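Just so it is clear: in the sequence shown, position 250 is 250 by this note's numbering, and no numbers are missing. We treat Cβ as the ideally placed atom computed from N, Cα and C, and that holds for glycine. Computed from a predicted structure; not experimentally measured. Read through the structure below, which is laid out as structure tokens, and then see the notes.
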Amino acid sequence: MSQSTQTLHDHLDAYLSVREALGFQMRAERTLLREFVRFAVSHGDGGPLRAQLAVDWASTSSAQRGRRSAAQRLSMVRGFLTYLRASLPETEIPPRGLVAAFRRPQPYLLTPPQISRLITAAQQSGPVGMLRPATLATCIGLLASTGLRVGEALHLTMQDVHLEATPAVLDIRETKFHKSRVVPLHPTTVGPLRHYTALRSTLGSATLSERFLVSEQGGPLTYGLLRRGFLAVCHTVGLGPTDGGQRPNLRALRHSFAIQRMRLWYEEGRDVRTLLPHLSVYLGHVRPQESYWYLTATPELLVAAAERFRVYATQGGIA
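Rendered as structure tokens:
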């Protein structure tokens, strides 16, 4: 290893140490930036690091791992090159926005009246006297009122549903991120769940599966069956694509739950900044930052936030 190569590795070690001392988790950066240094050594000309070299590495790595990662990788390199420039002034730093960042698609959002129409359509979908309509309606209502992931709802067992507790709760066990959590239920959700529990017993499904949501045959409700039923009732009530081309989907119920919760907090004059971590825990996120995507700025949410700020301003900054 040449002296210049060793120097570059030494600068990277120092950069990582400084960032970790400031409290940043650098596991991913440590792996990727070492990869970048190796790339720079093998593809560079031995002179100062050029911006194009960083772009080439980010784009090449992205082609191998997926296009969405190019901007993230380039952002990591920008941090290191900014640090490096303090010692090596000729180091070039790629400008921001040089590689387009991946943007998650705009979520499809449902209003409370639309959700009520979906539940009613599910209840009336037939066949009459069978469990299928109740299962579909119950699952839609459960997802809309709790913000559960679809997989979390489908994997609930009878032992996970505590409707006689005070308050009634769901045990969500070892799902995404290998985290378990307890989800309290609103009183308006408990009644329909009790009704469904009694119905599945009356129709003879109680002894066929430990899963809470079951199919007509008594086995676990599958994602495919749920999705087909949901899309059918969306068609029944006239829910189609948005102007942007987004189509209704089951995830919309989780997105809409988060938006509705935020809107109500704003309208109630609550301190949303302090409440957001509670929403993150409820949704099963590791960090509050992971909840921000769900909080898309709908017109209703913006109006509620603006009104909250107006009150704050007119009271001299007293929330």
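Alpha carbon of residue i to alpha carbon of residue j, nearest angstrom
| i | j | result |
| --- | --- | --- |
| D13 | T82 | 14 Å |
| R117 | V233 | 9 Å |
| P133 | L225 | 12 Å |
| F230 | G191 | 22 Å |
| A70 | S59 | 6 Å |
| A63 | G245 | With a pLDDT of only 48 at A63, under 50, the local geometry of the prediction cannot be trusted, and the value read off the model is given with reservation. Straight-line Cα distance between these residues: approximately 27 Å. |
| R339 | L221 | Because residue 339 is not part of the residues shown, which for the chain are 1 to 319, the question remains open. |
| T236 | L110 | 15 Å |
| T120 | A137 | 7 Å |
| D45 | F24 | 32 Å |
| L283 | D243 | 28 Å |
Exposed unless 16 or more other CB atoms sit within 10 angstroms - verdict on residue i
| i | result |
| --- | --- |
| Y108 | buried |
| V37 | buried |
| P113 | exposed |
| T207 | exposed |
| S87 | exposed |
| S205 | buried |
| G238 | exposed |
| A252 | buried |
| E35 | exposed |
Proximal residues to residue i (C-beta, below 6 Å), its chain only, five neighbours per side dropped
| i | result |
| --- | --- |
| T189 | S145 |
| M26 | L16, R19, E20 |
| R85 | T91 |
Start-to-end residues for the beta strand (DSSP E) that takes in residue i
| i | result |
| --- | --- |
| I172 | 169-172 |
| E281 | For the record, residue 281 in the displayed sequence is Val; it is not Glu. Per DSSP, V281 belongs to no beta strand (DSSP E); it is in the alpha helix (DSSP H), 272-283. |
| P184 | 181-184 |
Host alpha helix (DSSP H) of residue i (start-end)
| i | result |
| --- | --- |
| R85 | 70-85 |
| V41 | 27-43 |
| V214 | No alpha helix (DSSP H) holds V214; DSSP gives it neither H nor E. |
| Q124 | Counting along the chain, Q124 falls outside any alpha helix (DSSP H), and DSSP gives it neither H nor E. |
Spatial neighbours of residue i in its chain, beta-carbon cut-off 7 Å, leaving aside the 5 residues before and after
| i | result |
| --- | --- |
| V169 | H162, V182, V183, P184, L185 |
| A153 | C139, L142, L143, L213 |
Legend entry - Inter-stretch contact (C-beta, 8 Å, three-pair minimum) for the segment 150-161 and the segment 208-217: yes
Legend entry - Touching by the beta-carbon criterion (3+ pairs, under 8 Å), the segment 45-54 and the segment 71-91: yes
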